[in-house]
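Residue numbers (the UniProt record's numbering), protein chains in the order written: chain A, 1 to 440; chain B, 1 to 182.
Accompanying notes for the structure given below.
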Amino acid sequence: MTVAVAMAVEWGARWVEVRKLLERPGPFTHPDFEPSPDTLKMMQENIRVLVIGAGGLGCELLKDLALMGFTNLHVVDMDTIDLSNLNRQFLFRKKDIGRPKAEVAAEFINQRIQDCHVTHYYNKIQDFDDEFYRSFHLVVCGLDSIVARRWINGMLLSLLCYEDGMLDQSSVIPLVDGGTEGFKGNARVILPGLTSCIECTLDLFPPQINFPLCTIAHTPRLPEHCIEWVRLLLWPKENPFSEEMPIDGDDPHHLSWIFEKAQKRAAEFGITGVTYRLTQGVVKRIIPAVASTNAVIAAACCTEVFKLATSACTPMNNYCVFNDSDGIYTYTYEQEKKEDCVACSQVPQELLVSPSDKLQDIIAILTDSLRYQMKKPGLQAMVDGKTKSLYLHSPASIEEKLRPNLKKTVEELGLRDGIEIAVADVTSPSTVLFKVKLKK
Amino acid sequence: MIKLFSMKNQKKDGSDAPKQGSQKRASAAQLRITKDINELTLPKTCDTEFPDPDDLLTFKLIICPDEGFYRGGRFVFSFKVGPNYPHEPPKVKCETMVYHPNIDLEGNVCLNILREDWKPVLTINSIVYGLQYLFLEPNPEDPLNKEAAEVLQNNRRLFEQNVVKSMKGGYIGNVYFDRCLK
Ligand SMILES: [Zn+2]
Numbered sequence: 001m002t003v004a005v006a007m008a009v010e011w012g013a014r015w016v017e018v019r020k021l022l023e024r025p026g027p028f029t030h031p032d033f034e035p036s037p038d039t040l041k042m043m044q045e046n047i048r049v050l051v052i053g054a055g056g057l058g059c060e061l062l063k064d065l066a067l068m069g070f071t072n073l074h075v076v077d078m079d080t081i082d083l084s085n086l087n088r089q090f091l092f093r094k095k096d097i098g099r100p101k102a103e104v105a106a107e108f109i110n111q112r113i114q115d116c117h118v119t120h121y122y123n124k125i126q127d128f129d130d131e132f133y134r135s136f137h138l139v140v141c142g143l144d145s146i147v148a149r150r151w152i153n154g155m156l157l158s159l160l161c162y163e164d165g166m167l168d169q170s171s172v173i174p175l176v177d178g179g180t181e182g183f184k185g186n187a188r189v190i191l192p193g194l195t196s197c198i199e200c201t202l203d204l205f206p207p208q209i210n211f212p213l214c215t216i217a218h219t220p221r222l223p224e225h226c227i228e229w230v231r232l233l234l235w236p237k238e239n240p241f242s243e244e245m246p247i248d249g250d251d252p253h254h255l256s257w258i259f260e261k262a263q264k265r266a267a268e269f270g271i272t273g274v275t276y277r278l279t280q281g282v283v284k285r286i287i288p289a290v291a292s293t294n295a296v297i298a299a300a301c302c303t304e305v306f307k308l309a310t311s312a313c314t315p316m317n318n319y320c321v322f323n324d325s326d327g328i329y330t331y332t333y334e335q336e337k338k339e340d341c342v343a344c345s346q347v348p349q350e351l352l353v354s355p356s357d358k359l360q361d362i363i364a365i366l367t368d369s370l371r372y373q374m375k376k377p378g379l380q381a382m383v384d385g386k387t388k389s390l391y392l393h394s395p396a397s398i399e400e401k402l403r404p405n406l407k408k409t410v411e412e413l414g415l416r417d418g419i420e421i422a423v424a425d426v427t428s429p430s431t432v433l434f435k436v437k438l439k440k
Numbered sequence: 001m002i003k004l005f006s007m008k009n010q011k012k013d014g015s016d017a018p019k020q021g022s023q024k025r026a027s028a029a030q031l032r033i034t035k036d037i038n039e040l041t042l043p044k045t046c047d048t049e050f051p052d053p054d055d056l057l058t059f060k061l062i063i064c065p066d067e068g069f070y071r072g073g074r075f076v077f078s079f080k081v082g083p084n085y086p087h088e089p090p091k092v093k094c095e096t097m098v099y100h101p102n103i104d105l106e107g108n109v110c111l112n113i114l115r116e117d118w119k120p121v122l123t124i125n126s127i128v129y130g131l132q133y134l135f136l137e138p139n140p141e142d143p144l145n146k147e148a149a150e151v152l153q154n155n156r157r158l159f160e161q162n163v164v165k166s167m168k169g170g171y172i173g174n175v176y177f178d179r180c181l182k
């Protein structure tokens, strides 16, 4: 009885500190900010936040957002829980091993934090369409994959609406992205179409370390060379499990096989240091995770989500690096938008055509009009989620196959209103996007 | 700085049921490969084959050297461009069994720009020229086929004979090579 009362009191005072930020003006509040008790209500009742990843960063993100007052949270993750996660992914227990991370994380938060509701999706982010992503106000990422980051970046950029070349700001869904690597981390705010995006700064991601194949094959010096030898050369040759079976880094049978063969290889060359753990690390390309770095980066990300959702404070502009390997170093700066970024510099230009226009007429517009003056445009459309090559100037083998398209009409090619056509030409450093608009 | 949310347009109804989806825009990797392919300038010794012209991510490159040890031969390489292109290089394998110091019998190719020296500014064209160069100047310093490399280093005449023999179809040591003359 007493316990229940104590709990109630504690929950009752729950928003005192958040209210101070939302119901009073202050030196750091946004110029447009109007202090009001409605802001907290809006945050709790309306704002839908998508968290991508329920791993080291994801657990922190969900906990922080839930405790901050967001109640409508959604989490996507395609992984299941492994024993090695438990030291830092604190929403999981030993009994949960093997279950989907998203599901267990959602269960834990829903049970522990009153009024918070987390919806989980045990999926890849690529399983969902634009309608799904459009339904969120904000997306926060705690991912360790560059491919996934590039994908969500592309998705949010594709949701932007333009009217007469002007961005409709209500179509902007901010992306708050966190990343960690050992004692280093970064947090950034991306306003798709307005600030630099993932693709603008692709060279900030460290390149994957690839050893020369001949070193791996004949002159290994490191334990990693031995593991890579098994992974790249021995596995496809011996197909130890079945023909064409790719390596599954989560399958202990696969890892044990690789580990044993790598040990043998290492012994042959007098190399020491091949362990099961290292094997797992090399095969899965694991970078050791540090719980405290995750906590700091997730906190920074969630603070930004709070600022963006409430306008209580101007958001970070726009990239923060953090390093606690030797003391603490942190620095925030504005990562600039790249003028010729393939992803975000593109405002799809309207291409006004009639259904009876032939592809060669469209190409003539691109080459002859003063506006474009292209030389050898290559055109590829995106139809029903699939790429469709319309015409390419090179190489000869493909040009021949596509040449009949030149005589086909817009209608025959299936180019409907709103379909995007990517046009590549030597006159532009990156592919340019057009959006088909049919003449009425 | 824009104010992203006005209190009025707050309602977003997402139906929580996930739909099998796809992006309506081509991915950055696709946009880039379209440009790479449209601007491909092949040397006269090279040709390509696209099994599906709508899919520019999977194709074959055929090299028919007209000089050097391998003149008269025909060598097929498969290219697979992944979703992380150009952050990561494409995967390239030699489908023709070839007696070559830098290509092993499983078709793995030792070319620096395919692995350790890959940079996103490089293009499919750079790889085509890199592969063509491998046939003009096989490099015994970075061997994948160690036997072939040793022969090239110690006895160029014998190496040349072995290459011709292998391209006509025949045994080198106890390895059989299929005929791959043009
Ligand atoms: Zn960009």
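Cβ coordinates follow ideal geometry from the N, Cα and C atoms, glycine included.
For this session: Counting only the same chain and skipping the five closest in sequence on each side, list residues whose C-beta sits under 6 Å from that of Thr180 (chain A).
Result: Thr293, Asn294, Ile297
For this session: Check whether the Cβ of Glu199 (chain A) lies closer than 6 Å to any heavy atom of ligand 1, and answer yes or no.
Result: yes
Exercise. To the nearest whole angstrom, what separates the beta carbons of Val109 (chain B) and Asn102 (chain B), a pair I think is in contact under 8 Å?
Worked result: 7 Å
Exercise. Of all Cβ atoms in chain A, is any one closer than 7 Å to the Cβ of Arg74 (chain B)?
Worked result: no
Problem set entry | Distance cut-off 6 Å: Ala343 (chain A) Cβ against heavy atoms of ligand 1 | yes
For this session: Tell me where the beta strand (DSSP E) around Val321 (chain A) begins and ends.
Result: 319-323
Problem set entry | Close Cβ partners of Val16 (chain A) (< 6 Å) along its chain, the five nearest in sequence each way excluded | none
Problem set entry | Assigned exposure category for Ile223 (chain A) - 16 Cβ within 10 Å defines buried | The displayed chain sequence assigns Pro, not Ile, to residue 223 (chain A). Buried is the call here.
For this session: Report yes or no: do the segment 327-343 of chain A and the segment 86-103 of chain A share at least 3 C-beta pairs separated by less than 8 Å?
Result: no
For this session: On a CA-only basis, which of A:Glu131, A:Ala106, A:His393 is nearest Asp41 (chain B)? Give me that one, please.
Result: Per the sequence shown, the amino acid found at residue 41 (chain B) is Thr instead of Asp. Ranking A:Glu131, A:Ala106, A:His393 by Cα distance to Thr41 (chain B) puts A:His393 first.
Exercise. Apart from the five residues just before and just after Phe28 (chain A), which ones in its own chain have a Cβ nearer than 6 Å to its Cβ?
Worked result: Cys313
Exercise. Would you say Cys313 (chain A) faces chain B, with C-beta separation under 7 Å as the test?
Worked result: no
Exercise. If Pro355 (chain A) and Glu411 (chain A) are in contact, beta carbons under 8 Å, what's the gap, nearest whole angstrom?
Worked result: 4 Å
Problem set entry | Euclidean distance between Cα positions of Glu23 (chain A) and Pro37 (chain A) | 6 Å
Exercise. Got a sec, what are the start and stop residues for the beta strand (DSSP E) Asp177 (chain A) sits in?
Worked result: 175-181
Problem set entry | Own chain partners of Ala149 (chain B) with C-beta closer than 7 Å, once the 5 adjacent residues on each side are dropped | Pro101, Pro140, Pro143
Exercise. According to DSSP, which residues form a beta bridge with Pro100 (chain A)?
Worked result: A:Thr80
Exercise. Buried or exposed: where does His253 (chain A) fall if 16 or more other Cβ atoms within 10 Å of its Cβ makes it buried?
Worked result: exposed
Exercise. By DSSP, does Met97 (chain B) sit in helix, in strand, or in coil?
Worked result: coil
Exercise. Alpha carbon to alpha carbon, what distance is there between Ala106 (chain A) and Ile97 (chain A)?
Worked result: 15 Å
Exercise. Can you give the Cα-Cα distance for Leu61 (chain B) and Glu116 (chain B), rounded to whole angstroms?
Worked result: 22 Å
Problem set entry | For Lys168 (chain B) and Arg149 (chain A), the rounded distance between their alpha carbons | 49 Å
Exercise. So, Gly56 (chain A) versus Ala424 (chain A), is the Cβ gap smaller than 7 Å?
Worked result: no
For this session: Tell me, please, whether the CB atom of Leu40 (chain B) is closer than 7 Å to any CB atom in chain A?
Result: yes
Exercise. First and last residue of the alpha helix (DSSP H) that includes Ser19 (chain A)?
Worked result: First, the residue type needs correcting, since residue 19 (chain A) is Arg and not Ser in the sequence shown. From DSSP, the alpha helix (DSSP H) with Arg19 (chain A) extends over 16-22.
For this session: Please say whether Ala29 (chain B) and Pro83 (chain B) have beta carbons closer to each other than 7 Å?
Result: yes
For this session: Starting from Asp203 (chain A), find everything on chain B with Cβ-Cβ shorter than 8 Å and list it in chain order.
Result: Pro120
For this session: Pull up the DSSP beta-bridge partners for Tyr162 (chain A), would you.
Result: A:Leu167
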